[in-house]
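Q:
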Amino acid sequence: MSFKQLAIHLCLLGGSMASWGFFQGANGSTRLLGSSFGRFATNQTFDYVIVGGGTAGLTLADRLTQNGSLSVAVVEAGSFYEITNSNLSQIPAFDFFYTSSATTGIQPLIDWGIITSPQAQLKNRELHYAQGKCFGGGICRLIAHTYEVSTRGSAGSYQQWADQVDDQSFNFSNILPFFQKSVTFTAPDLAKRGDGGPVLFDPSAYSPSGKPLQVSYANYWAPIATFLRNAFGSLGLQTIAGFNSGNLIGCSEFTSAIDPQAATRSSSETAFLQASITRSNLMLYQQTLANRILFENKMAVGVSVSTAGVPFVLSATKEVILSAGVFRSPQILMISGIGPAETLQSLDIPVISDLQGVGQNLNDQPYYGVSVRVNVTTQSALFSDPNFAAQATSDFLDQQKGPLTLPGGSVAAFEKLPQDLRNNLSNATVAELSKFPSDWPELEILPLGSTTAETNDTANYMELSIAVLTTTSRGNVTINSTNASDNPIVSPNWLLTTADQELAVQGFKRARQVIASAGISVGPEFSPGPSVQTDSEILEYIKETIAPIHHASATNAMGKSGDSAAVVDTQGRVFGVSSLRVIDVSIFPFLPPGHPQATVYMLAEKLADDILDG
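Note that the sequence shown covers residues -18 to -1, 1 to 596 in mature numbering (1 follows the signal peptide of the UniProt record, and there is no 0).
1) By the three-class DSSP mapping on this structure, what secondary structure does I461 have?
2) Assuming V412 and N25 are in contact, meaning their beta carbons sit under 8 angstroms apart, how far apart are those beta carbons, in whole angstroms?
3) By alpha-carbon positions, which one of D44, G501, P530 ends up nearest to F209?
4) Taking 7 angstroms as the cut-off, decide whether the C-beta atoms of D346 and H110 are in contact.
5) Report the rounded CA-to-CA distance for T325 versus N462, giving the unit in angstroms.
6) Leaving out five residues before and five after T479 in sequence, what residues of the same chain have Cβ atoms less than 6 angstroms from its Cβ?
7) When you compare the CB positions of V450 and L485, do they come within less than 7 angstroms of one another, or not?
8) With a threshold of 6 angstroms on Cβ separation, who are the neighbours of D377 within its own chain once the five nearest residues in sequence on each side are excluded?
9) Can you check DSSP and say which residues form a bridge with H532?
10) For the candidate residues S68, D551, M265, whose alpha-carbon lies nearest to that of G39?
11) Enumerate in chain order the residues of its own chain whose CB-to-CB distance from L219 is below 7 angstroms, with the five nearest sequence positions on each side excluded.
12) Apply the 10 Å Cβ neighbour rule to S51 and answer buried if 16 or more other Cβ atoms are within range, or exposed otherwise.
13) Does the distance from the C-beta atom of L589 to that of S535 stay below 7 angstroms?
14) Could you spell out where the alpha helix (DSSP H) holding F167 opens and where it closes?
15) Which same chain residues, not among the five before or five after Q146, have their C-beta less than 6 angstroms away from its C-beta?
16) When burial is assigned at 16 or more other CB atoms within 10 Å of the CB, is V393 buried or exposed?
17) Buried or exposed for H127, going by 16 or more other Cβ atoms inside 10 Å?
18) I'd like to confirm the pairing. Which residues does DSSP put opposite Y267 in its beta bridges?
19) Tell me which residue opens and which closes the beta strand (DSSP E) that S503 is part of.
20) Within its chain, find whatever has a CB closer than 7 angstroms to the CB of N49; leave out the 5 residues flanking it on each side and keep chain order.
21) Report yes or no: do three or more beta-carbon pairs, one from the stretch 239 to 248 and one from the stretch 405 to 419, lie closer than 8 angstroms?
22) Inspect the CB distances between the stretch 25 to 34 and the stretch 297 to 314 and report whether three or more fall short of 8 angstroms.
23) Give the DSSP-derived three-state secondary structure of residue 611 in the structure shown.
24) Please classify I125 as buried or exposed, where buried requires at least 16 neighbouring CB atoms within 10 angstroms.
25) Among V197, A298, Q243, which residue has its Cα nearest to the Cα of D380?
26) Among A59, K105, Y523, Q142, which residue has its Cα nearest to the Cα of F117?
27) Rounded to whole angstroms, what is the Cα-Cα separation between V582 and T133?
28) Considering Cα atoms alone, identify which of G20, P578, S11 is closest to S297.
29) Excluding the 5 residues preceding and the 5 following L562 in the sequence, name in chain order all residues of the same chain whose CB lies nearer than 6 angstroms to its CB.
30) Is the stretch 350 to 366 in contact with the stretch 491 to 500, if contact means three or more CB pairs nearer than 8 angstroms?
31) Output yes or no for whether 7 angstroms exceeds the beta carbon distance between D44 and T552.
32) What number of angstroms, rounded off, separates the C-alpha of I320 from the C-alpha of V308?
33) Looking only at DSSP bridge pairs, what is E426 linked to?
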């Protein structure tokens, strides 16, 4: 069964949003769905205008509009992914579609189509860096900030955050309530999962009062996971109680943003927006582009927007909040006159605030992998075995279980590079790694029940992906146009430093160790193949295949007043102007280890409280 046949067979999943027509209020009154959307090309005034309806933006909109006296507009360039991306953004196993780093196959209805500048250190490759353009943002169309995974960073990484910005409210014990506030946690359904056995998790990591985001487990245990869990154990990695208690080092099963009842993606759109869309004080502007922020005497007073090319103004009496993401937020700041003065002046943009840090400091955690054929059934059979695909479809639609409920792999591991491989690092690289907190893992080992390499057979494949978590290379975002519809110039600069290159090579060797220990390979290594052996050969392969895992962050870094690299303070307020905040992944001071989705929700919850507290 081809992918197209499988997608057609699955049929478009229905949404819950008012049957797409109207809402029935508790008092019996009717509110038409269209009442939640702003009028085309009509100037309007709100207390808050939020630019970007993604993970942070919709969380903020929901929390702010719980105060009925506040009016909020959300400006989103895209629409609803349930409509514009068929069911591919709802079914967990389909996370990877249209997220390839190849510059072909971009889905323009849900993606900005960003192509990086040529990367000299990667053989001049230009890469597609998928970024969400829809309600729910990148989490709804990527390898889900990735694979819909919901993990928190290490306690030491958040302590470093707190120390760096001189605000202890960001240490792990103080931000834990904000992590918990968003999440409704559901324990695994062992009856639906299959042979994986009990799952070790920490109930104290969650709060019984948390809501509305659903966090749970896939209703499927991938057969390869049993062998990999044993391999991790034999190589010295202990099984830990999940990745949400401030400790990442070890082996565990991912929690993911999945609705356990429907086995579909849970996002800021399905959770926060669908909880708030009936409120009369929230107005949505879909398929609407934010062109620039408007100022009066360095005070943000609104946003110039356009729908279908027709301009109008959304005014803000209290604040404008940028939640447009790691690439778009710095772009909008620069177009609006906030950023490095030399960049703005080269485009004849009047300088409102000369902030050198705008668009700089891009932190990322790219990945690469080793692929093998295996002697157990993997998710690659969804696209090569019609009988397996038909059974998976039936299990998903009828019982909300099976391989279609699984984004990525069932188990994963985080670790420091083991000593036998650490001995291969230079003294300079070891010194760089010593600067990170002791609980900060250096590698993530992420199994996939498929391969990103090209195949031409019906074999079962497994790829063991490696992400380097202690990257020292830094990228940047800039502009060469004052038109917000033009993409910014993105240069991730992966593998620029010797430390990153050395660790990547040793991480590759670690992946081979895990595969050998698992004992399920059939035949020789598929990709890159057994001929790739020396460090230089391995590094060349990594340069040719390294790809985004979509963790880019920190391009409007949070910091202390007077720090030349800082763009916002610890409440997201932009330096040098008033009534303007940035609240999204771009204001991380750096990228903590793990997957950033949960940290973005935490940040939005924390700063929403700051706003409401005045």
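Backbone N, C-alpha and C define an ideal beta-carbon position, used for all residues, glycine too.
A: On the basis of the supplied data:
1) As a position in the sequence shown, residue 461 is number 479, starting the count at 1. In the structure shown, I461 sits in coil (DSSP, three-state: anything other than H, G, I, E or B).
2) For this step, residue 412 is matched to residue 430 along the sequence shown. For this step, residue 25 is matched to residue 43 along the sequence shown. For V412 against N25, the beta-carbon gap comes to about 59 angstroms, at or over 8 angstroms, which does not count as contact.
3) Taking the sequence shown and counting its residues from 1, one reaches residue 209 at position 227. In terms of Cα proximity to F209, the closest of D44, G501, P530 is G501.
4) Position 364 of the sequence shown, counted from the start, is the residue given in the question as residue 346. Position 128 of the sequence shown, counted from the start, is the residue given in the question as residue 110. Contact: no.
5) What you label residue 325 is simply residue 343 of the sequence shown in a count that begins at 1. What you label residue 462 is simply residue 480 of the sequence shown in a count that begins at 1. Taking the straight line joining both Cα atoms gives about 8 angstroms.
6) Walking along the sequence shown from the start, residue 479 turns up at place 497. Cβ within range, chain order: T454, S455.
7) As a first step, residue 450 must be located in the sequence shown, where it is residue number 468. As a first step, residue 485 must be located in the sequence shown, where it is residue number 503. Yes, the Cβ-Cβ distance between V450 and L485 is below 7 angstroms.
8) Along the sequence shown, read from residue 1 onward, the residue named residue 377 stands at position 395. Around D377: K383, G384.
9) For the purposes of this step, residue 532 is taken as the residue at position 550 of the sequence shown. BP columns for H532 are empty, so no partner.
10) The count along the sequence shown starts at 1 and reaches residue 39 at position 57. Minimum Cα distance to G39 is reached at M265.
11) The residue labelled residue 219 in the question sits at position 237 within the sequence shown. Cβ within range, chain order: G232, C233, A395, E397.
12) Indexing the sequence shown from 1 puts residue 51 at position 69. It is exposed - the Cβ of S51 has fewer than 16 other Cβ atoms within 10 Å.
13) Here residue 589 corresponds to residue number 607 of the sequence shown, with the count starting at 1. Here residue 535 corresponds to residue number 553 of the sequence shown, with the count starting at 1. No, Cβ-Cβ distance for L589 and S535 is not below 7 angstroms.
14) Position 185 of the sequence shown holds residue 167. Here F167 belongs to no alpha helix (DSSP H); instead the beta strand (DSSP E) covers 165 to 167.
15) Your numbering for residue 146 matches position 164 in the sequence shown. Take Q146, set aside five residues on each side of it, and the residues of its chain with a beta-carbon closer than 6 angstroms to its own are P571, in chain order.
16) Start at 1 with the first residue of the sequence shown, and residue 393 comes out as number 411. Burial call: buried.
17) Here the question's residue 127 lines up with position 145 in the sequence shown. Note on H127: pLDDT 38, under 50, position unreliable in the model; the coordinate value appears next. The residue is buried, with at least 16 neighbouring Cβ atoms inside 10 Å.
18) Counting from 1 along the sequence shown, the entry for residue 267 is found at position 285. According to DSSP, which records beta bridges pairwise, Y267 is partnered with V57.
19) For the purposes of this step, residue 503 is taken as residue 521 along the sequence shown, with counting starting at 1. Where S503 is concerned, the enclosing beta strand (DSSP E) stretches over 503 to 509.
20) Looking up residue 49 in the sequence shown gives position 67. These residues qualify, in order along the chain: L594.
21) no
22) They touch, by the three-pair rule.
23) With the chain covering -18 to 596 only, the question about residue 611 has no answer from this structure.
24) Position 143 of the sequence shown, counted from the first residue, corresponds to residue 125. Residue placement at I125 is flagged as unreliable, the pLDDT there being 41, under the threshold of 50; the coordinate-derived value follows with that caveat. Label assigned to I125: buried.
25) If you number the sequence shown from 1, residue 380 lands on position 398. Looking at the Cα atoms, Q243 is the closest of the given residues.
26) Within the sequence shown, numbered from 1, the residue matching residue 117 stands at position 135. Minimum Cα distance to F117 is reached at A59.
27) Position 600 of the sequence shown, counting from 1, holds the residue named residue 582. Position 151 of the sequence shown, counting from 1, holds the residue named residue 133. Their Cα atoms are separated by approximately 11 angstroms.
28) To locate residue 297, count along the sequence shown from 1; it is residue 315. The option with the nearest alpha carbon to S297 is G20.
29) Reading the sequence shown from its first residue, position 580 is the one you call residue 562. For L562, where only same-chain residues beyond five positions count, the Cβ hits under 6 angstroms are A282, V302, V556.
30) yes
31) Start at 1 with the first residue of the sequence shown, and residue 44 comes out as number 62. Start at 1 with the first residue of the sequence shown, and residue 552 comes out as number 570. No, they are not a contact pair.
32) On the sequence shown, residue 320 is found 338 positions in, with the first residue counted as 1. On the sequence shown, residue 308 is found 326 positions in, with the first residue counted as 1. So the alpha carbons of these two residues sit roughly 15 angstroms apart.
33) Walking along the sequence shown from the start, residue 426 turns up at place 444. The partner list for E426 (beta bridge, DSSP) reads F396, A449.
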